[in-house]
Amino acid sequence: MLRPISAKSNDSMSSSDNKTTNRLASLGVTQTEQVPPLFAELRSRFDRETPAVHDESSWKQFRDAWLGRKSGVLTQITDNWLKPATPELKRAVGAAMNELRAHVESKIEERRAAIESGAEDAAHERVDVSLPGVIRPIGSHHLIRQVFEDVEDIFFSIGFSVVEGPEIETPYYNFEALNIPEFHPVRDDMDTFYLDLPKGAAVPLLLRTHTSPMQIRTMEKQKPPVRVIVPGKVYRRDNPDATHSFAFHQVEGLAVDTDITFCDFTGTIEYFVKQFFGPSVKTRFRPSYFPFTEPSVEFDVSCIFCGGSGAAAGGGTCGKCKGAGWIELFGAGMVDPAVYGFVKYDAKKVNGFAFGMGIDRLAMLKYGIDDLQVFFQNDARFLRQFP
Ligand code: DAH
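Sequential numbering from 0 applies to the sequence shown in numbering that gives the first Met the number 0.
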């Protein structure tokens, strides 16, 4: 940064700097030959200071320091050197001063033009390629997103496509068309978030409690064969704890055709589970109940943590499967013929299977995470472990 030379800040100057505030006599200048070196010194000081002037404000300070009418260097020369000088010296000082003034004025004008055109900025902002770079951290997909993609890839590879649906649903799609009539007891589990709608709204709206409504929406839109998976976010009135959250993630699956058997169903699930957890896991299914599947099953996988033995590595029972050797994975079943009635499929001609898996749960099992809440806290120390 330039330090402008001005009469007011003389105290910081070297002896050669403040000569212009003294008269020639007190500088010991009595002969005309002594004049040119004095001006040469000033000129070289000016030339040294010029390159430091890069912007408008330093330019103004610089101009005032040299050409300012009250106390600029040239005014000081006039007042202190020229005016009191003997006629002989006056001529020499006058000539040298005119030369210096011309030099100063032209250089100062040159600087102004350069600053105004931006050429100065460009010259000063030249890139220093030797400087170390700035490391900008690049984000990565959230673990939940990564697991979604893993699941999608596996089902892609066996001919499923991905569809997505609305998170705000009508009770018809969330319940009735899935064979869950208004007073069916399973609604208790799914008592959910209803939207505050203006009076007179045609239908109530709610946040979907599962991705299953997309079974209905998909079948309404297309004829069999259907092979889709539906990744998405779902909502329930659950209090947050290590395994519950009011928002979580599911992938729904639906396959409907004229010749789908229970074997296709279990084979598909087994293929998925082995692709997802590794070839050594075993699967089993147990009878269960869902209103929209018949028969319904619950799929289990051999415990990923103890290898299905039920025993912990350090002795005792495995804490994850509580010694059972099996872990409950997700619900599924053959599509209940009643559901086909809602989408105008001929229940006598088609059959198929459906499943609905919790993605958060799959991620927790695969990566040994024991608290669901870490998915929603966005603590970078957690997220960074899954680049
Ligand atoms: N929708 C069920 C739930 O959220 C999960 C489910 C079970 C989906 C069985 C299915 C199925 O498609 O066949 O609890």
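For every residue, glycine included, the Cβ atom is placed at its ideal position computed from N, Cα and C.
Between residue 178 and residue 338, the CB-CB gap stays under 7 Å. Residue side-chain check: residue 316 keeps its Cβ at 6 Å or more from all non-hydrogen atoms of the ligand DAH.
Put simply, of 242, 76, 155, 128 the residue whose alpha carbon is nearest the alpha carbon of residue 319 is 242. Contact between the segment 191-202 and the segment 350-360 is absent, with fewer than three C-beta pairs closer than 8 Å. Counting only heavy atoms of the ligand DAH, the residues whose C-beta sits closer than 6 Å to one of them are, along the chain, 209, 211, 251, 289, 292, 330, 331, 332, 353, 354, 355.
In this structure, residue 107 sits near residue 62, with a CB-CB distance shorter than 7 Å.
The DSSP assignment places 336-341 as complete runs of the alpha helix (DSSP H) inside the segment 266-350, in order along the chain (cut-off: 4 residues). At a cut-off of 4 residues, the continuous stretches assigned as alpha helix (DSSP H) that sit fully inside the segment 34-73 are 34-48, 55-66.
With a cutoff of 7 Å on beta-carbon distance, residue 350 and residue 268 are scored as not near each other. Here residue 264 really is in contact with residue 352; their C-beta atoms are around 4 Å apart, less than 8 Å. As a beta-bridge residue in DSSP terms, residue 226 pairs with 254. Here the alpha carbon of residue 375 sits roughly 12 Å from the alpha carbon of residue 144.
Counted as a single uninterrupted DSSP element, the alpha helix (DSSP H) harbouring residue 143 occupies residues 142-155. If you compare the alpha carbons of 187, 203, 188 with that of residue 194, the shortest gap goes to 203. Assigned with DSSP and collapsed to three states, residue 356 falls in strand. Annotation: residue 189 is outside any alpha helix (DSSP H) and is labelled neither H nor E by DSSP.
Excluding its 5 nearest sequence neighbours in each direction, residue 213 has C-beta neighbours in its own chain below 7 Å: 162, 164, 229, 251, listed in chain order. Per DSSP, the unbroken alpha helix (DSSP H) holding residue 374 starts and ends at 373-376. With distances taken between CA atoms, residue 299 lies nearest to 272 out of 272, 291, 310.
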